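The opening position of the sequence shown corresponds to residue 1 in the UniProt record's numbering, with each subsequent residue numbered one higher.
We treat Cβ as the ideally placed atom computed from N, Cα and C, and that holds for glycine.
From a predicted model like this one, the values you see are computed outputs, not experimental measurements.
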Amino acid sequence: MTHQRRWINLAVLGSGKGSNFSAIAKAIAQGEIAAKIAVVVSDNPKALILEKARQLAIPAVVLPQGKYKTWLEPWIEEELVRILKQYNTELVVLAGFMRVLKETFLASFEGKTLNIHPSLLPDFKGKEAWKAALKAAVKETGCTVHWVSKELDGGKIIAQSKVPVYPSDSPEELHARIQQAEHELYPRVLKEICLDWIKQKL
Ligand code: GAR
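This is the structure we're talking about:
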């Protein structure tokens, strides 16, 4: 009997509360995505995403924090690549990972790393994009799933989802509305990508 490939091994990277991780894990548990979350990695030892992973019996690994807040020194990226390979990672899913990934990481995982960003890219790149959208008084914003490349929030766009911005919105209200859209969009995109990859590999 031949064994057919049935799922894609994911690594989810996050620095915060992990609501996108939970939405993805739920969709996998419901059989909607042909994937398995092999490992969760965080740069923040206090991140709730680690706790959530452990509750689901998913290995949760903390990276050394290093000297810089917004990026990882090459030796830490090497360590990250080592961990991802150890868990046979095929696709890396950034879910609120707040460090910019650079050459050492991309040398191994460019073309295999997705990110979700809380704006309609190319608008409002960078941190706290919902605050920038409020400040610019746009009528709608949303979220974008894209491939990760050398250019910050600049890789090829895969899909977007729009939400309205109301004049009365607080930053928290707007971010919560964007996150609802994220929790629907990210699993939907992952479902398609995993299916495509499995078809190609069969
Ligand atoms: C999400 O809104 C995601 O779009 C954003 O961080 C949040 C993480 O939430 N990412 C960025 O801003 C990346 N530049 P979560 O931890 O609840 O998934």
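- Taken in chain order, the complete alpha helix (DSSP H) segments of 4 residues or longer contained in the segment 96-162 are 103-109 and 129-135.
- Judged by DSSP in its simplified three-state form, Trp-75 adopts helix.
- Two segments are said to touch when three or more pairs of C-beta atoms, one from each, lie closer than 8 Å; by this definition the segment 46-53 does not touch the segment 103-122.
- Straight through space, the alpha carbons of Leu-202 and Val-138 are spaced by roughly 45 Å.
- The shortest CA-to-CA distance from Arg-99 to any of Ile-193, Lys-69, Arg-188 and His-146 is the one to Lys-69.
- Pairwise C-beta distances place the segment 110-117 in contact with the segment 148-162, as three or more of them are shorter than 8 Å.
- The beta carbon of Ser-170 sits closer than 6 Å to no other beta carbon from its chain once the five residues preceding and following it are set aside.
- When the five nearest sequence neighbours on each side are left out, the beta carbons in the same chain lying within less than 6 Å of the beta carbon of Lys-17 are those of Leu-48, in order along the chain.
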